[in-house]
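Worksheet: one structure, shown below.
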Amino acid sequence: MSALEVGQQFNTMDEAKSAFAIAAAADGMDLRTPTRNKIRMNLVCRFKDETDCPFSATVRKQAGDTFKIVSLVSEHRCHGFGGDQKRAITQSTKFTLEFMNVTPQTLPEQIRAEFKRHGIDLPYKAAWRAKVEICGESITKQALQFSQFPDYLSRILESDPEATCKFRLHPQTGAFQGVFISPSAARTAWCNSHRFLAVDGAFTKTTFEYVLLLAAGYDPNNELVLFAWAEVLKESEGTWSWFFELLEEHLSGVNSPRTTIMSDWQKVLIFPFVSFEEGLLAAIKQVLPNAVEGFCCVHLLRNFKSRKDVGAKSPDAKALFWTCANAQSGAEFNAGLSAVSKRFGRPAADYLDDIPHDKWVYCEFPGPRYGRASSNIVEIANSLFEKARGLPPLDLLAAIYEYEMEQWAERRREAEASQEKFPSAATVIFVEQVNLARSYLVTLSTNTRPSWSGLVKHPLSQTDAKNMTTCAGASARSILSISHGPRP
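So for the sequence shown, the numbering used here puts the first residue at 2; every next one is plus one.
Below is the structure:
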């Protein structure tokens with residue numbers, strides 16, 4: 002057991018046991034633990050009684066909550082009595098699956114490095130064979146699961162007849178093209194939520210590297226809702242058009258001026274040879290022409306700060322960017338651009354000015370933003386399923402479906418137990434606004450927003466005005482509109 006030595010430390014007792022199991026299997030040996038508790042673990046040869054094998058090891062907990070090998074007699078007299086050389090591959094495969102996602106692009110050295118991080122010195126050959134075993138099994142399993150999609154979707158429709166589930170094949174070759182799921186609960190959630198969608202695609206971590214498409218939003222309590230998800234071969238105008246066609250079929254009012262669809266423009270900046278009129282945005286224009294498109298301001302800010310003339314660590318970059326993004330008028334926006342030009346130079350200001358204003362600037366945004374300026378909600382959804390994206394295709398769909406069903410069941414239990422007439426988040430906002438309203442005297446409104454004067458208790462801030470009104474170019478933070486305010 003050259004891979005192990007006295008003094009070697011591990012983060013947990015399980016890691017120590019795994020290290021011994023792998024090292025023993027590599028030597029064709031087998032071990033047992035006659036003593037194991039929270040403080041100490043003894044290991045001996047499994048065939049000690051039959052062969053009087055002297056092998057023994059002791060692992061003991063240390064002061065810093067680590068576990069150290071305090072004694073080790075590595076001599077074996079059983080010569081692998083009853084041992085199996087294949088156990089090295091079996092053990093390595095088992096623990097590799099626990100530690101990381103493995104794809105055909107994963108290198109054996111990466112597997113070894115991950116094991117090393119857990120205190121285990123895995124031999125190169127064992128890492129290589131583990132990769133071969135995992136990827137070979139994964140390819141077979143994934144290929145099989147593509148053929149199981151129709152049966153899986155049929156089972157969903159049996160329990161949820163009002164769901165939308167579609168499976169798409171190539172018309173000539175019959176090859177897999179995509180699968181789409183949107184449960185009936187998503188339609189109910191959509192009818193009771195702001196008409197705001199954040200959409201994005203993310204590669205899966207599997208052999209076939211297909212793409213997971215997501216459409217997410219917020220419920221009345223400002224919590225994540227997944228309205229639909231799909232697996233497709235790649236992101237393109239065709240796949241996004243198919244996705245939006247099914248989304249429009251399932252969610253009433255998606256193709257409406259009251260619906261805002263927020264997306265990540267960063268991909269266009271990473272791949273400048275692709276026009277922003279292609280792909281996702283082109284699909285929105287074609288399938289949902291009445292919906293309002295918006296760019297995620299968080300990603301725009303990230304790209305702005307990545308410029309050499311701006312600098313990611315500049316303390317002024319963030320404030321100046323949001324001055325432009327939140328401008329209440331063209332004059333405010335131009336003043337913000339002038340400040341950017343003065344601080345970082347004219348090219349930095351031109352960079353912001355070249356981004357279509359109606360996609361991100363508050364005063365020129367053509368529809369409601371519902372208080373949202375980013376598509377981060379869909380990135381949160383992607384992060385929730387980061388590990389699941391390493392699963393075979395059907396297992397990934399099932400993991401997302403199970404998660405969403407649990408979330409909707411929990412929301413239903415909360416709603417049935419609540420005595421409030423409004424969702425909890427809306428109730429807090431409503432009470433807040435009622436209290437603020439007692440401090441204002443309302444005068445005649447303009448064509449763009451209500452106006453207040455005659456301060457009674459405290460001055461009205463611009464933030465208060467945004468929260469209270471439903472006006473052209475912006476929408477109330479509350480789900481309740483103000484009946485006397487002008488409408489878009």
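Note that the Cβ used here is the ideal one computed from N, Cα and C, for glycine as well. In this text the structure is predicted, and so the values were computed from the model without any measurement.
- Per DSSP, reduced to three states, the secondary structure at V293 is strand.
- The C-beta of A438 has fewer than 16 other C-beta atoms within 10 Å across all chains shown, which makes the residue exposed.
- For Y219, the secondary structure class from DSSP, reduced to helix, strand or coil, is strand.
- Of L5, L398 and A416, the smallest CA-CA separation from V212 is found for L398.
- Per DSSP, reduced to three states, the secondary structure at K343 is helical.
- Following the DSSP letters along the chain, one finds P151 inside the alpha helix (DSSP H) bounded by residues F150 to S160.
- In this structure, DSSP gives M263 an extended state, which the three-state scheme calls strand.
- The beta carbon of G8 sits closer than 7 Å to those of K69 and I70, all from its chain and outside the five residues before and after it, given in chain order.
- Shown here, K167 sits in a strand according to DSSP, grouped into three states.
- Judged by DSSP in its simplified three-state form, S242 adopts helix.
- With a cutoff of 9 Å on beta-carbon distance, S330 and D201 are scored as not near each other.
- In the DSSP assignment, V432 is bridged to no other residue.
- Contact between the segment 417 to 437 and the segment 244 to 264 is absent: fewer than three C-beta pairs spanning the two stretches fall below 8 Å.
- R47: not part of any alpha helix (DSSP H); DSSP gives it neither H nor E.
- Of the residues assessed, Y125 falls on the exposed side of the cut-off, its CB having fewer than 16 other CB atoms within 10 angstroms.
- Unbroken alpha helix (DSSP H) stretches of 4 residues or longer found wholly inside the segment 339 to 400: 347 to 355 and 377 to 385, given in chain order.
- With respect to A349, S342 sits close: the two C-beta atoms are nearer than 9 Å.
- Inside the segment 170 to 220, DSSP marks whole beta strand (DSSP E) runs of 3 or more residues at positions 177 to 183, 197 to 204 and 212 to 219, from first to last along the chain.
- When secondary structure is reduced to three states using DSSP, K309 falls in the coil class, being assigned neither helix nor strand.
- With a cutoff of 9 Å on beta-carbon distance, P184 and Y402 are scored as near each other.
- By the Cβ-count criterion, C192 is exposed, with fewer than 16 other Cβ atoms from all chains shown falling within 10 Å of its own Cβ.
- Pairing A64 with L44 gives a Cβ-Cβ distance that is not under 9 Å.
- DSSP places R439 in no beta strand (DSSP E); its state is neither H nor E.
- In terms of CA proximity to L215, M263 leads the group H195, M263, L321 and L154.
- Taking all protein chains shown into account, R156 has fewer than 16 neighbouring C-beta atoms within 10 Å of its C-beta and is therefore exposed.
- Per DSSP, the continuous beta strand (DSSP E) segment holding L73 begins and ends at F68 to V74.
- Closest option to Q287, judged by alpha-carbon separation, among F244, A25 and L392: F244.
- For P109, same chain residues with a beta-carbon under 7 Å away, outside a window of 5 residues either side, are Y125, A128, W129 and K132 in chain order.
- A check of alpha carbon separations from H251 across N223, A190, G372 and D359 identifies A190 as the nearest.
- The beta carbons of W361 and G280 sit no closer together than 9 Å.
- Taking E238 as the centre and dropping the five residues before and after it, the same chain places the C-beta of E279, G280, A283 and A284 closer than 7 Å to its C-beta, in chain order.
- Distance from the Cα of D31 is smallest, within the candidate group K18, A199 and D265, for K18.
- Between the C-alpha atoms of V379 and R37 there is a straight-line separation of about 45 Å.
- Separation of C46 and P35 (C-alpha to C-alpha, rounded to the nearest whole angstrom) is 10 Å.
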